[in-house]
């Protein structure tokens with residue numbers, strides 16, 4: 175029965191009005207997907223995803239057999255030498271008939287939604303549901319279920335096989351994914367150890383003494399995020415663990431902390447030549463006959479989204495500006511209230527809620543008890559990534575640091591380094607008599623439990639990404655890009671930015687996005703080369719980071735929520751206006767870059783626009799607040 179407070183009690187089950195509405199929304203979404211799925215014919219032909227409907231694929235250049243490399247052939251009708259049709263007079267062949275479609279440009283499929291807009295529907299459904307219901311687990315599952323229906327040809331057995339085998343089990347049987355889960359668990363254990371030893375509390379006391387203001391706490395978070403540029407996962411969880419006590423003390427909301435963490439994770443990694451992201455981009459570019467490292471470094475000044483995100487953070491902090499939902503959470507933090515509580519319940523800040531569940535903290539902890547574990551983790555994770563890239567095993571004396579990062583496996587490296595760091599941390603804290611061996615072992619399950627929400631969301635996000643990939647999202651986006659290339663070339667960087675943003679937002683993976691788009695961008699701009707190719711690559715990378723930054727199913731966004739200890743949907747809803755503001759200015763910059771093609775001209779314009787936008791928002795808010803006050807007085 176529904177009482178006066180909007181609570182329904184069914185036996186021992188208690189549901190709020192909001193929870194009932196969310197359940198109804200999820201059920202309606204499931205029914206809509208099933209009804210749509212059962213009313214369509216699923217067989218047909220699609221554009222070939224290998225050649226993107228062209229009938230040919232790029233190959234290494236070789237001499238044309240028709241003209242023997244001369245570029246000319248004899249026209250039997252006119253008895254004149256004319257350009258060879260096969261090589262277009264160049265004497266070289268760099269394309270071959272596509273093996274997938276045999277040059278017909280289309281292939282027959284049992285699932286005609288392969289490579290169509292439908293391939294993006296599962297993540298779109300999940301994202302919309304998450305934003306409406308503010309409940310991420312059921313939203314992701316509905317998206318996965320929708321993908322399974324499309325992949326399974328809308329048959330019960332096919333859907334269930336896809337849902338379990340290719341979806342959930344596939345996500346958890348992937349070696350890279352398992353490595354990240356192990357890293358998360360170990361990091362959770364290390365956080366529990368440091369908290370139990372009193373190291374985190376000691377750092378909080380030190381920070382309270384030396385960091386006097388909210389601005390100082392925000393800048394300290396920003397600086398630490400910039401310094402940990404090796405990997406975005408490592409960045410999110412390390413910065414969150416270290417800075418949470420400081421930002422809580424200075425009444426910075428967990429949502430604002432999550433934004434600061436997220437904004438200094440992927441965007442910073444994307445402009446750091448030595449990082450797991452640089453490695454991924456470089457290896458992708460190398461596969462299409464480009465010097466990956468050189469191209470990545472050249473692209474940095476044109477990566478407007480990453481660079482302007484830094485400008486955005488500093489502008490927000492120093493000008494003391496917050497807008498959108500973030501403004502409400504910051505006000506709540508100032509008043510020591512939790513906005514997620516029901517109005518009639520006494521509200522408490524997130525820090526107090528965590529303190530209730532946390533194990534007893536030993537007195538007498540020192541800052542060194544936090545610094546040693548964190549420093550050990552950083553050092554050995556870097557060594558682990560270098561080791562996984564062959565830095566210590568290759569006999570080639572030319573194998574440099576950047577090359578090793580370019581060949582590294584972040585999953586292996588982070589797991590390798592974190593295991594060693596965990597062992598050293600336990601030995602160190604026991605030797606310091608901060609904890610006993612039994613207390614250290616008690617921290618193992620506590621650390622694992624703390625990471626369960628992040629692991630669950632990540633697993634669902636990986637499964638959803640697998641569904642999207644198997645539906646041929648890469649082919650669909652490739653066709654879009656080829657269609658855009660027929661228009662104004664100088665506008666293409668801005669178009670690439672938007673396409674990459676949309677793909678990364680829908681799939682939740684920036685690595686997958688630039689893995690799809692970089693070969694296409696190289697194919698489009700390869701003949702022209704030079705600065706326009708660099709700008710095109712930069713637009714691809716910037717759009718991928720932006721979409722990743724905005725997406726609620728992005729692993730980095732999930733990690734930032736976990737690191738800050740805030741509700742995931744709250745983090746997404748508060749971060750989105752900030753990220754889209756930077757995206758808007760970045761889009762303008764890519765339009766300018768397509769025509770001007772000089773970063774040292776476009777970047778200062780972008781910085782001025784970014785700062786001006788933040789100042790404009792500040793004064794607009796003051797004007798709106800003034801009008802509201804006048805209206806209330808009247």
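Residue numbers (this note's numbering): 175 to 808. Cβ coordinates follow ideal geometry from the N, Cα and C atoms, glycine included.
Minimum C-alpha distance to residue i - residue among the options
i, options, result
"residue 309", "473, 743, 619 and 708", "743"
"residue 595", "545, 562 and 497", "545"
"residue 352", "428, 410 and 630", "630"
"residue 722", "741, 746, 711 and 737", "746"
"residue 679", "704, 694 and 754", "754"
"residue 506", "429, 361 and 267", "429"
"residue 421", "445, 412 and 385", "385"
"residue 671", "561, 717, 695 and 425", "717"
"residue 381", "540, 665 and 291", "540"
"residue 492", "319, 391 and 369", "391"
"residue 605", "371, 324 and 394", "371"
"residue 685", "327, 340, 316 and 406", "406"
"residue 490", "393, 271 and 294", "393"
"residue 377", "326, 795 and 543", "543"
"residue 469", "329, 704, 798 and 504", "704"
"residue 698", "725, 553 and 667", "667"
"residue 760", "770, 771 and 776", "776"
"residue 295", "270, 481, 417 and 646", "646"
"residue 262", "694, 241, 328 and 762", "241"
"residue 501", "427, 317, 636 and 389", "427"
Reduced DSSP secondary structure (H/G/I, E/B, other) of residue i
i, result
"residue 334", "helix"
"residue 629", "helix"
"residue 500", "helix"
"residue 340", "helix"
"residue 436", "helix"
"residue 792", "helix"
"residue 486", "helix"
"residue 803", "helix"
"residue 248", "strand"
"residue 610", "coil"
"residue 784", "helix"
"residue 316", "helix"
"residue 473", "helix"
"residue 588", "helix"
"residue 256", "strand"
"residue 152", "Past the boundaries of the shown model lies residue 152; the chain is included only from 175 to 808, so the question cannot be answered."
"residue 270", "strand"
"residue 687", "helix"
Residue i CB to nearest heavy atom of the ligand SAH below 7 Å
i, result
"residue 337", "Judged by which ligands are present, the structure shown has none, so any question about the ligand SAH falls away."
Sub-8 Å separation of residue i and residue j beta-carbons
i, j, result
"residue 367", "residue 633", "no"
"residue 617", "residue 588", "no"
"residue 260", "residue 238", "yes"
"residue 479", "residue 708", "no"
"residue 147", "residue 748", "In this structure the chain extends from 175 to 808, so residue 147 is not present and cannot be described."
"residue 245", "residue 257", "yes"
"residue 628", "residue 732", "yes"
"residue 403", "residue 442", "yes"
"residue 362", "residue 611", "no"
"residue 730", "residue 300", "no"
"residue 303", "residue 412", "no"
"residue 485", "residue 785", "yes"
"residue 644", "residue 340", "yes"
"residue 290", "residue 230", "no"
"residue 417", "residue 431", "yes"
"residue 323", "residue 331", "no"
"residue 585", "residue 354", "yes"
Per-residue burial, residue i [other beta carbons within 10 Å of its own, 16 or more giving buried]
i, result
"residue 615", "exposed"
"residue 476", "buried"
"residue 750", "buried"
"residue 373", "buried"
"residue 737", "buried"
"residue 676", "buried"
"residue 728", "buried"
"residue 397", "exposed"
"residue 383", "exposed"
"residue 711", "buried"
"residue 350", "exposed"
"residue 276", "exposed"
"residue 597", "exposed"
"residue 375", "buried"
Could you tell me which whole alpha helix (DSSP H) segments of length 4 or greater appear in the segment 386–421? 388–401
Which runs of the alpha helix (DSSP H) fall wholly inside the segment 699–734 and span at least 4 residues, in chain order? 704–724
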